[in-house]
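Protein chains: 2
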Amino acid sequence: MIYPSDETALTRRLQKLTSILDVTKAMSAERDLDLLLPLILFEASKVVEADRCSLFILDRERNELWSKVAQGAKKEIRLPVGSGIAGQVAATGSPINIPDAYADERFNRSFDTSSGYRTQTILCVPMRDATGEVTGVIQALNKRGGRIFDAEDEELLLALGAQAAGAIENALLHEEINKLFEGFVSASVVAIEARDPTTAGHSGRVADLTVGLAEALEHVATGSYAMTRFTPTELQELRYASLLHDFGKVGVREPVLVKAEKLYPHEMEMLRSRFQLARKDLQLQSYKRRLATVKLRGEKAIPEIDGEEEARLTEELKRLDEVFEFLLTCNRPTVLAQGGFERLSELRKLSFTDSRDQVQPLLLENEIRSLSIARGTLSPEERKEIESHVEHTYRFLSQIPWTRTLRRVPEIAYAHHEKLDGTGYPRAIPSKTIPVQSKMMAISDIFDALTASDRPYKKAVPYTLAVDILKKEASAGQLDNELLTVFIEAEVPKKVLGTFK
Amino acid sequence: MIYPSDETALTRRLQKLTSILDVTKAMSAERDLDLLLPLILFEASKVVEADRCSLFILDRERNELWSKVAQGAKKEIRLPVGSGIAGQVAATGSPINIPDAYADERFNRSFDTSSGYRTQTILCVPMRDATGEVTGVIQALNKRGGRIFDAEDEELLLALGAQAAGAIENALLHEEINKLFEGFVSASVVAIEARDPTTAGHSGRVADLTVGLAEALEHVATGSYAMTRFTPTELQELRYASLLHDFGKVGVREPVLVKAEKLYPHEMEMLRSRFQLARKDLQLQSYKRRLATVKLRGEKAIPEIDGEEEARLTEELKRLDEVFEFLLTCNRPTVLAQGGFERLSELRKLSFTDSRDQVQPLLLENEIRSLSIARGTLSPEERKEIESHVEHTYRFLSQIPWTRTLRRVPEIAYAHHEKLDGTGYPRAIPSKTIPVQSKMMAISDIFDALTASDRPYKKAVPYTLAVDILKKEASAGQLDNELLTVFIEAEVPKKVLGTFK
Numbered sequence: 146m147i148y149p150s151d152e153t154a155l156t157r158r159l160q161k162l163t164s165i166l167d168v169t170k171a172m173s174a175e176r177d178l179d180l181l182l183p184l185i186l187f188e189a190s191k192v193v194e195a196d197r198c199s200l201f202i203l204d205r206e207r208n209e210l211w212s213k214v215a216q217g218a219k220k221e222i223r224l225p226v227g228s229g230i231a232g233q234v235a236a237t238g239s240p241i242n243i244p245d246a247y248a249d250e251r252f253n254r255s256f257d258t259s260s261g262y263r264t265q266t267i268l269c270v271p272m273r274d275a276t277g278e279v280t281g282v283i284q285a286l287n288k289r290g291g292r293i294f295d296a297e298d299e300e301l302l303l304a305l306g307a308q309a310a311g312a313i314e315n316a317l318l319h320e321e322i323n324k325l326f327e328g329f330v331s332a333s334v335v336a337i338e339a340r341d342p343t344t345a346g347h348s349g350r351v352a353d354l355t356v357g358l359a360e361a362l363e364h365v366a367t368g369s370y371a372m373t374r375f376t377p378t379e380l381q382e383l384r385y386a387s388l389l390h391d392f393g394k395v396g397v398r399e400p401v402l403v404k405a406e407k408l409y410p411h412e413m414e415m416l417r418s419r420f421q422l423a424r425k426d427l428q429l430q431s432y433k434r435r436l437a438t439v440k441l442r443g444e445k446a447i448p449e450i451d452g453e454e455e456a457r458l459t460e461e462l463k464r465l466d467e468v469f470e471f472l473l474t475c476n477r478p479t480v481l482a483q484g485g486f487e488r489l490s491e492l493r494k495l496s497f498t499d500s501r502d503q504v505q506p507l508l509l510e511n512e513i514r515s516l517s518i519a520r521g522t523l524s525p526e527e528r529k530e531i532e533s534h535v536e537h538t539y540r541f542l543s544q545i546p547w548t549r550t551l552r553r554v555p556e557i558a559y560a561h562h563e564k565l566d567g568t569g570y571p572r573a574i575p576s577k578t579i580p581v582q583s584k585m586m587a588i589s590d591i592f593d594a595l596t597a598s599d600r601p602y603k604k605a606v607p608y609t610l611a612v613d614i615l616k617k618e619a620s621a622g623q624l625d626n627e628l629l630t631v632f633i634e635a636e637v638p639k640k641v642l643g644t645f646k
Numbered sequence: 146m147i148y149p150s151d152e153t154a155l156t157r158r159l160q161k162l163t164s165i166l167d168v169t170k171a172m173s174a175e176r177d178l179d180l181l182l183p184l185i186l187f188e189a190s191k192v193v194e195a196d197r198c199s200l201f202i203l204d205r206e207r208n209e210l211w212s213k214v215a216q217g218a219k220k221e222i223r224l225p226v227g228s229g230i231a232g233q234v235a236a237t238g239s240p241i242n243i244p245d246a247y248a249d250e251r252f253n254r255s256f257d258t259s260s261g262y263r264t265q266t267i268l269c270v271p272m273r274d275a276t277g278e279v280t281g282v283i284q285a286l287n288k289r290g291g292r293i294f295d296a297e298d299e300e301l302l303l304a305l306g307a308q309a310a311g312a313i314e315n316a317l318l319h320e321e322i323n324k325l326f327e328g329f330v331s332a333s334v335v336a337i338e339a340r341d342p343t344t345a346g347h348s349g350r351v352a353d354l355t356v357g358l359a360e361a362l363e364h365v366a367t368g369s370y371a372m373t374r375f376t377p378t379e380l381q382e383l384r385y386a387s388l389l390h391d392f393g394k395v396g397v398r399e400p401v402l403v404k405a406e407k408l409y410p411h412e413m414e415m416l417r418s419r420f421q422l423a424r425k426d427l428q429l430q431s432y433k434r435r436l437a438t439v440k441l442r443g444e445k446a447i448p449e450i451d452g453e454e455e456a457r458l459t460e461e462l463k464r465l466d467e468v469f470e471f472l473l474t475c476n477r478p479t480v481l482a483q484g485g486f487e488r489l490s491e492l493r494k495l496s497f498t499d500s501r502d503q504v505q506p507l508l509l510e511n512e513i514r515s516l517s518i519a520r521g522t523l524s525p526e527e528r529k530e531i532e533s534h535v536e537h538t539y540r541f542l543s544q545i546p547w548t549r550t551l552r553r554v555p556e557i558a559y560a561h562h563e564k565l566d567g568t569g570y571p572r573a574i575p576s577k578t579i580p581v582q583s584k585m586m587a588i589s590d591i592f593d594a595l596t597a598s599d600r601p602y603k604k605a606v607p608y609t610l611a612v613d614i615l616k617k618e619a620s621a622g623q624l625d626n627e628l629l630t631v632f633i634e635a636e637v638p639k640k641v642l643g644t645f646k
């Protein structure tokens, strides 16, 4: 560095270096590239007293310069390295200082033509990282007061550029790792959801709906949530908690996850096969009886015996088939018909003789239990297994070393099935200990479970009916009524997911 | 800032500020805290001409200062905020400048006593981030030449500290996000592995073994890998590829993943049940025949008929039971016995009459196909489904926006089941297009699959036998022999996973 020799110049230079140091501090704290780049341009303009500045970042893989923000320009610009003034600076690593743009053949007037700006002086310097590699270019236009850029400007802009290079690299890296993390989280959620085709895309939609509701709270000026506002990092925390709320389903067995009827398909097959055996047994018993009766009544009675036995067998087979038809009805995921439970219990008495002359029950205890499920298809144990996904989710999320700003992710996801009246699961905690984020997530979760598009075993509920069901749950004291009102009035689902039928 | 008034002082100050700017550039590029902190201390000592410096970072949650590197100290030190000189500076945010430590009651001589160092002058200043918050403290000891620290030192150390604060914050954040990402990846791998209890911990061990092998290549001076060396970021890339190589198993159905015999348990149940029905059918046919014969031969022949039929039935039932016993043998995951395939095929002809007088095959085509599996328990379709995990892994990993240094993760994982002779899957690519990383992973993968500890359906293979099997695969031209030699000679498994039986 060349130092000025007179005191005034020295002091001015000191002031400038001091201000570069200050800017560096501010730059290193700004990890959002969309805010960092304007900050650098603003400070660069100040340091070299330029009318405006632009900044180009070098994309080594494509050998191009790109810019998000040339002051005055709107969208991303891409230039090949080597072309134009900025491209030459990037290629050679040497600054270019042009005192009169229109007298210099390297200058491309088309930018001025299209923007209406009038370029006079240009100072363009490389940005170099700590290892000395060129990572971009800063270009200053029109030194104030009609002056031209001097050697000191060049030196200062180089110094600022070097600091900016570090800050930009950090911001890019930060952005990259965040994208990597978010990409990994989303992809693994999709992979896990694929195990249960009825829930495909559910977690992503719940994340969008919950964050949408949180943002809608912005406009609430009265009531319990008048003061509730979420910062960008809190919204990010909420997003991850929502995206991951069902991650624990990876710990639930697939057949339970997708159970469509009260008996599993192979259980029904076994039942059907046992009824075949029982039919065969009735037939065998009938023939055994015929033979025994012939011994008693003689061969001349055979036609009569056959007649009686055929009638009896037909009747017995019919009754057996009716029982099986009844069981098929019980197996459906509908509510068990009046008296059904008692009839099932009666059937416990039925038996048949197997092929080794052992008397066996026609219905197994576990089959009676499953077919007696009053509502839905899950036994209490299976319901517990499904519900255990919340514990799995919590255990999974608790192992992860969340950053400070994301540290409540496990806790928020943990409470998404809790109810305000303390009847939820897994902990059945009361309203005051349920995080507001979880209360919002509960609304989105139920809404999406109801409205998600048709699947073989699951009909989608229309928007208005879904809203009615949610309202009923809120009136019953299970969902937060104020949050639900915002969810409906701000039309969060329509805003976030588009139209509903 | 106060500026000196004479030219020499101004120039010196300019030089110092310039050097702070240079250091800042170097600091912002250093994201490894263990390297960044010594760098800061070294530069701080230079700027204020101190004999040594130490740096404390503020832990707001615990209201403590902590230090990884006080120059001269070895391990982490923790101090409560408010106590001692550094603690006071952190509490008040004001610098402390002590010209004679032993004459100052705030000075704690115990550090000197234990270290044998003799503290004379102390300059301790806060580090402040861009928002002005105190984030730590820098302490300089013993100004060189027996002088005392002056106001300019204070100012410069504050300036350096402010820059250091930004760099430290970036490094901490970088470390935090990396830990978060790694923690999430590891936890989700564990969650997915839990679906198949025989593979618990497999991915982690493969990662350790593969990275261990890559590091062992360091010492290879001859042969094809004499020039193969992995940078720390390449090792990280290899670690993630190894950790995630089986992630796609989430896309394989559980029953296939854990299939222990040639028929699934419920298929065997159905088969058993069909044999019951066939037994019952033999009994029924026998009684039908008896009745028919009585009609022909008269009731006096009944005892004789019964005798003949009982003998015939017993023989028929015995033959049927033998067939079932044979099928049970076929069902085991052992190699099918000589002639077994032909006998199974013969059984295709067997039939029985069901309870509705329909003739049914005793063995279904798919049962014959499954029981005819020559080796192991998987049908060609099921083997394909298991093998499809590599495609699932690749598709999963390809969706993820890897950072530049991790961009080959999908490609490395994709080739872990390829063989050098082009007989691997899913692409059956030849040796020259298989990344060396995948060749290393193939060795670790097979080694761990063989030696992983006993499970109900899977016996662990002893170390020496596993090595023999690997050597055989290498001789057959499937595994890389040179890599395998390093794996064995450098004792990678023992080094990485501990002792083997």
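If you're matching them up, the sequences are chains H and S in order.
For the first sequence, position 110 matches number 255 in my numbering, and the numbering has no gaps at all.
For the second sequence, position 30 matches number 175 in my numbering, and the numbering has no gaps at all.
By construction, the Cβ of each residue, glycine as well, lies at the ideal position given by its N, Cα and C atoms.
Just to confirm the assignment, what range does the alpha helix (DSSP H) spanning residue i have?
i: residue 681(H); result: Nothing can be reported for residue 681(H), as the shown portion of chain H is limited to 146 through 646.
i: residue 259(S); result: 255–260
i: residue 183(H); result: 178–192
i: residue 588(H); result: 581–596
i: residue 228(H); result: Where residue 228(H) is concerned, there is no enclosing alpha helix (DSSP H), given that its DSSP letter is neither H nor E.
I'd like the span of the beta strand (DSSP E) that includes residue i, first residue to last.
i: residue 457(H); result: That residue, residue 457(H), is in no beta strand (DSSP E); its alpha helix (DSSP H) goes 447–476.
i: residue 204(S); result: 195–204
i: residue 268(S); result: 267–273
i: residue 288(H); result: 279–288
i: residue 225(S); result: 222–225
Taking only beta-carbon positions, decide if residue i is within less than 8 Å of chain B.
i: residue 166(S); result: Included in the structure are the protein chains H and S, with no chain B among them.
Between the Cα of residue i and the Cα atoms of the options, which residue gives the shortest distance?
i: residue 558(S); options: 316(S), 392(S), 257(S), 607(S); result: 392(S)
i: residue 562(S); options: 538(S), 548(S), 549(S); result: 538(S)
i: residue 612(H); options: 633(H), 625(H), 627(H); result: 633(H)
i: residue 476(S); options: 460(S), 371(S), 619(S), 405(S); result: 405(S)
Would you mind giving the Cβ-Cβ distance between residue i and residue j, rounded to the nearest angstrom? I have them listed as a contact below 8 Å.
i: residue 396(S); j: residue 534(S); result: 7 Å
i: residue 134(S); j: residue 500(H); result: The structure shown has nothing for residue 134(S), since chain S only spans 146 to 646.
i: residue 172(H); j: residue 359(H); result: Residue 172(H) to residue 359(H), Cβ: 31 Å. No contact.
i: residue 566(H); j: residue 643(H); result: With a Cβ gap of about 33 Å, residue 566(H) and residue 643(H) do not count as contacting.
i: residue 579(H); j: residue 628(H); result: That belief does not hold up - the Cβ atoms of residue 579(H) and residue 628(H) are roughly 11 Å apart, past 8 Å.
i: residue 362(S); j: residue 638(S); result: 16 Å between Cβ atoms; not a contact.
Could you name the residues of chain S that residue i contacts, counting a contact when the two beta carbons are closer than 7 Å?
i: residue 432(H); result: 429, 432, 433, 436
i: residue 115(H); result: Within the shown structure, residues of chain H are numbered from 146 to 646, placing residue 115(H) beyond reach of any answer.
Please list, in chain order, the chain S residues whose beta carbon lies closer than 8 Å to that of residue i.
i: residue 396(H); result: 336, 339
i: residue 447(H); result: 436, 439, 440
In chain H, which residues lie with their C-beta within 7 Å of the C-beta of residue i?
i: residue 541(S); result: 332, 336
i: residue 547(S); result: 325
i: residue 304(S); result: 166
i: residue 463(S); result: None at all; the shortest Cβ gap to chain H is about 13 Å.
Using a cut-off of 9 Å between C-beta atoms, extract the partners of residue i located in chain S.
i: residue 530(H); result: Under the 9 Å cutoff, chain S gives no residues; its nearest Cβ is about 14 Å from residue 530(H).
i: residue 418(H); result: 414, 415, 418, 419, 421, 422
i: residue 483(H); result: The contacting residues do not exist; residue 483(H) stays about 31 Å from chain S at best.
Report yes if the C-beta of residue i is less than 7 Å from at least one heavy atom of the ligand ADP; otherwise report no.
i: residue 552(H); result: The ligand content of the structure shown is nil, which means the ligand ADP is not present either.
Cβ closer than 8 Å: which chain H residues qualify as neighbours of residue i?
i: residue 444(S); result: 439, 440, 443, 444
What residue ranges within the segment 358–410 of chain S form continuous alpha helix (DSSP H) runs of no fewer than 4 residues, ordered along the chain?
-> Uninterrupted alpha helix (DSSP H) stretches at least 4 residues long and entirely within the segment 358–410 of chain S occur at 377–388, 399–402, given in chain order.
Length-filtered (3 minimum) beta strand (DSSP E) runs lying within the segment 479–553 of chain S = 496–498, 504–506
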